[in-house]
Structure formats: structure tokens, C-alpha cells
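In what follows, a single structure is set out as C-alpha cells and then discussed.
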Amino acid sequence: MSFIKKIVPKKVKIIAKLSKLYAYDFNRFIKNSNVYQTFDTENKLKGKLTIYYHVLEKGLTMPDTRLGFGEPVVLELIDMMNMYLDKKYNLSSLEFVHSMNVLEEYVEFHDKKSFALKQAITDQVAKLRLRITAYETPKQFEFDRDVYFAHRESSFDKFCLSRYSSRNYSDVLIPEEVLMKCVRLALKSPTSCNRQVNRIYMVRSAEMKQEVLKLQYGNRGFGHLADTLFVITADISVFQGPNDRNESFVNSGMFAMSLLYALHRYDIGACPLNWSVEVHRDLKLRQLLGIPNNERVGLVVSCGYLPEKIKIASSPRLDAEEVVKIL
1 MSFIKKIVPK KVKIIAKLSK LYAYDFNRFI KNSNVYQTFD TENKLKGKLT IYYHVLEKGL
61 TMPDTRLGFG EPVVLELIDM MNMYLDKKYN LSSLEFVHSM NVLEEYVEFH DKKSFALKQA
121 ITDQVAKLRL RITAYETPKQ FEFDRDVYFA HRESSFDKFC LSRYSSRNYS DVLIPEEVLM
181 KCVRLALKSP TSCNRQVNRI YMVRSAEMKQ EVLKLQYGNR GFGHLADTLF VITADISVFQ
241 GPNDRNESFV NSGMFAMSLL YALHRYDIGA CPLNWSVEVH RDLKLRQLLG IPNNERVGLV
301 VSCGYLPEKI KIASSPRLDA EEVVKIL
């Protein structure tokens, strides 16, 4: 065995180990995620409910909500809710209750605008009301700008709880020096072995922003209003072995959260935008921004000063008791 170790090149050993680790990641993901859309567990179905209701609550908070928006999503959400009911899953779960809440708010919003939704939607919502009793019709949040930033200098718990993702931006330009202050604060984020892997592409020109937004999913209706886009990457050249394969995402996530808090501290609204894209989109972004091959794109953050009145998606959170396991 020691003889084999001597004659096998080091690079081959590394590739073998990395292949085993990626196979481990792949198998866990393919077996336990919902990529096959089987909905054979409650969590898989709740995940889909959340995606659909969040599309609708975001739409309700757009700067200029289009009447009749998201009708195909509404019908998909109703189908998922009926499936959930048929499987007799927990009707008091946050995901299910909020799905009904958002549906009701969606219908109410259009009723107030005297806009006739498709008959299929109104009929299906009426049938759901007969099957569900435990829900209410909350409102997405609406703030005055001063109220939204009221706790930017408060204790951390108040500060933290006061930050929401904002998709309403004004046309007031943010001084570059203020954005750089936010980046400097974010650079204090924990980083693997202090390797300080994150790199930031601050996109401010209108043409460049438009091209970046074309490549990212999930910014329709508000992305074009952003003053600045931060494209956050991580330099993978500093990672030393196969076990570091996911460190770039961990570091980028911590950096992004610090950046969001820093922007909030300086009266700037912001919204993180995922970079869950196909290969060709990643390649186009790299070419557009000149991102080298040794950097992995983590996510995009849109930001801007806020108008006097802003709408915020309520996006309720689970209770701590639901996510903590004490051993």
C-alpha cells in the first residue's frame, strides 16, 4: 500500500478525493432535495408553497404593481395548497397559513382596484375558504422612510429586527464614499482563516446595471430602480484542499449579511438577489464584468435610497423553537 501511495501522483489523489466529496454532495442533494418535484414530504411541499406565496407578496409591494400580475402563479399555489390539504399535513404551519393569507390579500387588492380576476381564481379561492378556517388576511408592511430607519442606531436586537429587504428605491444618487463605508464595514465579516476572499464589483452605470439584471432571476419590477448593484464573488485560489470546496459560499454569505446591515445603518434600502443561474449566464456575467476564473460568484445585492413611502413584503419567520434542536 505504501508503494502505491508513492507511485500515484499527488494530483491524482486530490482529484480522487475531490470527486468523492462532490459525489457525496451530489447524492445527498439529488436524494433529499425536491429537484424531481415529487412533493413526497411535507417539507418539500412547504418549500414550493413558500416560493409561490413569496412571488405574490413581492408583487404586492412593487413600486407600481401591475393589475392581474402573477395569475399563473396563483393557480399553481392553489394547486399546491389543495395537494397539501389532501395529504393531511399540518394546517397550522406558517407556510400553509401564510399561503392562504397572501391569496386573500391578493384577491382583496384586486377587488379594491375593481379589477376582475379570472373566474378560475375566484372560484378556487372560494373553495379553499370552505376547506380552511385558521387564517387571517394580513397586510404587507407599509412604512414612512423615517419609521423604517428609526432603529438604525438602536440596540442590536432592535436594529436587526428592523431590517427588511426593500424593493422600492428613489432616484437620489448614493455618494460613492458612503457605499465604500458600507463595504469597509462588511470587510469585518468573519472569513476563513482570515484569507479575506471576497471581491466586490460595484455596478453603477445604467447600461451595465441593465445587462447584469438581465442575467439574474428575480429582480423584475424593481431592479431597474436600484442605484447600485453589488456583485459579490470569492477568490477560490486561496483555498488549499478538497474540504474547502464550499467555503466561498459561506464567506460570501457572511459578507453579504454584513453589507446589508451596513447599508441599513447608512439609511440605504437593499435586497439580496440570488445567483442561481445556468452556466451560460455565469459566463456572460464574467465576461461583462471582467470576473477572473479564480473567483466564484456568490450573489448580487441591489440597493438605493428609499422614497418617502415604501412597501415591504411581510415574509414571516419561523419561531426559534421550530428550528433549534438542543442536544
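Sequential numbering from 1 applies to the sequence shown in full-length UniProt numbering. Using N, Cα and C, we set each Cβ at its ideal position, and we do this for glycine too. Being a predicted model, the structure only gives us computed values, none of them experimental.
Cut-off 7 Å between Cβ atoms - residues of its own chain near residue 316, not counting five sequence neighbours on either side: Here residue 316 refers to the residue found at position 316 when the sequence shown is read from its first residue. If the five residues before and after residue 316 are omitted, its C-beta is found closer than 7 Å to the C-beta atoms of 94 and 98, all from its own chain and listed in chain order.
Integer-rounded CB distance, given that residue 277 should sit under 8 Å from residue 212: Counting from one through the sequence shown, the residue named residue 212 turns up at place 212. Counting from one through the sequence shown, the residue named residue 277 turns up at place 277. That belief does not hold up - the Cβ atoms of residue 212 and residue 277 are roughly 11 Å apart, past 8 Å.
For residue 241 and residue 67, the rounded distance between their alpha carbons: Here the question's residue 67 lines up with position 67 in the sequence shown. Here the question's residue 241 lines up with position 241 in the sequence shown. Those two C-alpha atoms are separated by around 52 Å.
7 Å Cβ shell around residue 219 - same chain, five flanking residues per side excluded: Within the sequence shown, numbered from 1, the residue matching residue 219 stands at position 219. Residues of the same chain with a CB within less than 7 Å of the CB of residue 219, apart from the 5 flanking positions on each side, are 213, 273 and 302 in chain order.
Residue 162 beta carbon less than 7 Å from that of residue 151: Sequence index remark: in the sequence shown, residue 151 carries index 151 (1-based). Sequence index remark: in the sequence shown, residue 162 carries index 162 (1-based). Their beta carbons are under 7 Å apart, which means residue 151 touches residue 162 by this criterion.
Candidates 91, 131, 178 and 234: closest to residue 197 by CA position: Sequence index remark: in the sequence shown, residue 197 carries index 197 (1-based). With distances taken between CA atoms, residue 197 lies nearest to 234 out of 91, 131, 178 and 234.
Inter-residue Cα distance where the pair is residue 82 and residue 89: Residue mapping note: residue 82 aligns to position 82 of the sequence shown, counting from 1. Residue mapping note: residue 89 aligns to position 89 of the sequence shown, counting from 1. Using only the alpha carbons, I get a separation of about 11 Å.
Under 7 Å between C-beta atoms of residue 247 and residue 189: As a working note, residue 247 is residue 247 in the sequence shown. As a working note, residue 189 is residue 189 in the sequence shown. Contact: no.
C-beta atoms of residue 140 and residue 57 nearer than 7 Å: Looking up residue 140 in the sequence shown gives position 140. Looking up residue 57 in the sequence shown gives position 57. Between residue 140 and residue 57, the C-beta spacing is below 7 Å.
Unbroken stretches of the alpha helix (DSSP H), 4 residues or longer, contained in the segment 59-145: Listed in chain order, they are 71-86, 94-112 and 119-131.
Terminal residues of the beta strand (DSSP E) in which residue 234 lies: Translated into the one-based positions of the sequence shown, residue 234 becomes position 234. Segment 228-235, the beta strand (DSSP E) holding residue 234.
For residue 201: DSSP bridge partner residues: Residue numbering aside, residue 201 sits at position 201 when the sequence shown is read from its first letter. Answer by DSSP bridge pairing, in chain order: 231.
Endpoints, beta strand (DSSP E) assigned at residue 173: Position 173 of the sequence shown, counted from the first residue, corresponds to residue 173. Residue 173 -> no beta strand (DSSP E), and no H or E assigned at all.
Segment limits, beta strand (DSSP E) that includes residue 302: In the sequence shown, counting from the first residue as 1, residue 302 sits at position 302. Counting along the chain, the beta strand (DSSP E) containing residue 302 begins and ends at 295-304.
Pairwise C-alpha distance: residue 10 and residue 19: For the purposes of this step, residue 19 is taken as residue 19 along the sequence shown, with counting starting at 1. For the purposes of this step, residue 10 is taken as residue 10 along the sequence shown, with counting starting at 1. Answer to the nearest angstrom: the Cα atoms are 14 Å apart.
Candidates 75, 112, 295 and 284, of which the one nearest residue 127 by Cα: Counting from one through the sequence shown, the residue named residue 127 turns up at place 127. For residue 127, the closest alpha carbon among the candidates 75, 112, 295 and 284 is that of 75.
Any 3 or more C-beta pairs closer than 8 Å across the segment 143-160 and the segment 43-50: Contact between the segment 143-160 and the segment 43-50 is not established, with fewer than three Cβ pairs separated by less than 8 Å.
CB contact flag (residue 186, residue 120, <7 Å): As a first step, residue 186 is located in the sequence shown; it is residue number 186 there, counting from the start. As a first step, residue 120 is located in the sequence shown; it is residue number 120 there, counting from the start. With respect to residue 120, residue 186 sits apart: the two C-beta atoms are not nearer than 7 Å.
Enclosing beta strand (DSSP E) for residue 273 [first to last residue]: Along the sequence shown, one-based indexing puts residue 273 at 273. In the DSSP annotation of this structure, the continuous segment of the beta strand (DSSP E) that includes residue 273 starts and ends at 269-274.
4-residue-minimum alpha helix (DSSP H) runs that sit fully inside the segment 3-54, ordered along the chain: Entirely contained in the segment 3-54, the alpha helix (DSSP H) runs reaching 4 residues are, in chain order, 10-32.
Anticipated Cβ contact below 8 Å, residue 227 with residue 173, distance rounded: The residue labelled residue 227 in the question sits at position 227 within the sequence shown. The residue labelled residue 173 in the question sits at position 173 within the sequence shown. Indeed, because the Cβ distance is near 6 Å, the residues count as touching under 8 Å.
Through-space distance from residue 284 to residue 30, alpha-carbon basis: To locate residue 30, count along the sequence shown from 1; it is residue 30. To locate residue 284, count along the sequence shown from 1; it is residue 284. If you take the alpha carbons of residue 30 and residue 284, they lie about 27 Å apart.
Helix, strand or coil at residue 188 [DSSP, three-state]: For the purposes of this step, residue 188 is taken as residue 188 along the sequence shown, with counting starting at 1. DSSP, reduced to helix, strand and coil, places residue 188 outside both helices and strands of the structure shown, so it counts as coil.
DSSP state of residue 158 mapped onto helix, strand, coil: On the sequence shown, residue 158 is found 158 positions in, with the first residue counted as 1. In the three-state scheme derived from DSSP, where H, G and I count as helix and E and B as strand, residue 158 is classed as helix.
Selection from 80, 169, 236 and 260 that minimises the alpha carbon distance to residue 295: Taking the sequence shown and counting its residues from 1, the one referred to as residue 295 is at position 295. Selected option, being the one with the closest Cα: 236.
Residue 209 in three-state terms, based on DSSP: Within the sequence shown, residue 209 is the residue found at index 209, counting from 1. The answer is helix: DSSP assigns residue 209 an H, G or I state.
Best match in 249, 265, 256 and 59 for proximity to residue 154 [C-alpha to C-alpha]: Position 154 of the sequence shown, counted from the first residue, corresponds to residue 154. Of the listed residues, the one whose Cα sits closest to residue 154 is 265.
Beta-ladder partner(s) of residue 311, from DSSP: Looking up residue 311 in the sequence shown gives position 311. For residue 311, which the question treats as bridged, DSSP gives the partners 142.
The segment 98-107 contacting the segment 50-64, beta-carbon criterion three pairs below 8 Å: By the C-beta criterion, the segment 98-107 is judged to be in contact with the segment 50-64, since at least 3 inter-stretch pairs fall below 8 Å.
Range covered by the alpha helix (DSSP H) that runs through residue 277: One-based indexing of the sequence shown puts residue 277 at position 277. Element bounds for residue 277: n/a, residue is neither H nor E.
For residue 203, the nearest candidate out of 180, 37 and 281 (CA to CA): Counting from one through the sequence shown, the residue named residue 203 turns up at place 203. The candidate whose alpha carbon is nearest that of residue 203 is 180.
First and last residue of the uninterrupted alpha helix (DSSP H) at residue 321: Taking the sequence shown and counting its residues from 1, one reaches residue 321 at position 321. From DSSP, the alpha helix (DSSP H) with residue 321 extends over 320-323.
8 Å contact criterion, which residue 249 and residue 298 should meet: CB distance rounded: Looking up residue 249 in the sequence shown gives position 249. Looking up residue 298 in the sequence shown gives position 298. Contact flag correct, Cβ pair sits at about 6 Å.
Proximity winner among 22, 183, 257 and 269, relative to residue 312 (alpha-carbon distances): Start at 1 with the first residue of the sequence shown, and residue 312 comes out as number 312. For residue 312, the nearest C-alpha among the options comes from 269.
Check whether residue 201 and residue 260 have beta carbons under 7 Å apart: One-based indexing of the sequence shown puts residue 201 at position 201. One-based indexing of the sequence shown puts residue 260 at position 260. For residue 201 and residue 260, no; Cβs fall outside 7 Å.
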